[in-house]
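**Student:** Sharing a structure, written as structure tokens. Questions coming.
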Amino acid sequence: MDPAAESIQKDLFKFAMKNKWKEVVEVYRENNLAHKAKITRLGDTALHLAVFDGQEKHVEELVQLVKKKGK
1 MDPAAESIQK DLFKFAMKNK WKEVVEVYRE NNLAHKAKIT RLGDTALHLA VFDGQEKHVE
61 ELVQLVKKKG K
């Protein structure tokens with residue numbers, strides 16, 4: 001795996017587990033690959049974890065960023 005992608009995965013997982021959703025949003029904003037990063041063994045992304053955790057505000061932000069990156 002690309003070291004940069006691995007670093008993104010680790011950062012996203014760490015922030016999500018520590019309930020640091022603002023930092024997760026920043027990683028999504030700054031890195032085009034973040035929204036595709038599978039950060040759990042089941043293949044969940046940070047967006048999946050935000051949904052599971054009930055982070056409505058941050059889910060909206062993450063979805064908007066994913067939509068922008070897709071254009």
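Numbering of the sequence shown is given in UniProt numbering, commencing with residue 1 and proceeding in unit increments. We put the beta carbon where it would ideally sit given N, CA and C, even for glycine.
Give the secondary structure of Asp11 by DSSP, where H, G and I count as helix, E and B as strand, and everything else as coil.
**Tutor:** Counting from one through the sequence shown, the residue named residue 11 turns up at place 11. DSSP, read as helix, strand or coil, puts Asp11 in helix.
**Student:** What is the DSSP secondary structure of Ala37, counted as helix, strand or coil?
**Tutor:** On the sequence shown, position 37 is the one that residue 37 refers to. Coil.
**Student:** Can you give the Cα-Cα distance for Ala4 and Tyr28, rounded to whole angstroms?
**Tutor:** Reading the sequence shown from its first residue, position 4 is the one you call residue 4. Reading the sequence shown from its first residue, position 28 is the one you call residue 28. When rounded, the distance between both Cα atoms is 14 Å.
**Student:** Enumerate, from N- to C-terminal direction, the unbroken alpha helix (DSSP H) stretches of 4 or more residues contained entirely within the UniProt repeat "ANK" (42 to 71).
**Tutor:** 46 to 52, 56 to 70
**Student:** Among residues of its own chain, excluding the 5 on either side of Asp11, which ones have a beta-carbon nearer than 7 Å to its beta-carbon?
**Tutor:** Sequence index remark: in the sequence shown, residue 11 carries index 11 (1-based). If we look at Asp11 and ignore the five residues flanking it on each side, its Cβ neighbours are Val27.
**Student:** Taking only the alpha-carbon atoms, compute the straight-line gap between Val24 and Ala50 and give it to the nearest angstrom.
**Tutor:** Against the sequence shown, residue 24 aligns to sequence position 24. Against the sequence shown, residue 50 aligns to sequence position 50. Taking the straight line from one Cα to the other gives about 9 Å.
**Student:** Would you mind reading off the limits of the alpha helix (DSSP H) that contains Lys22?
**Tutor:** Position 22 of the sequence shown, counted from the first residue, corresponds to residue 22. Taken as a continuous stretch (DSSP letters only), the alpha helix (DSSP H) holding Lys22 covers 21 to 30.
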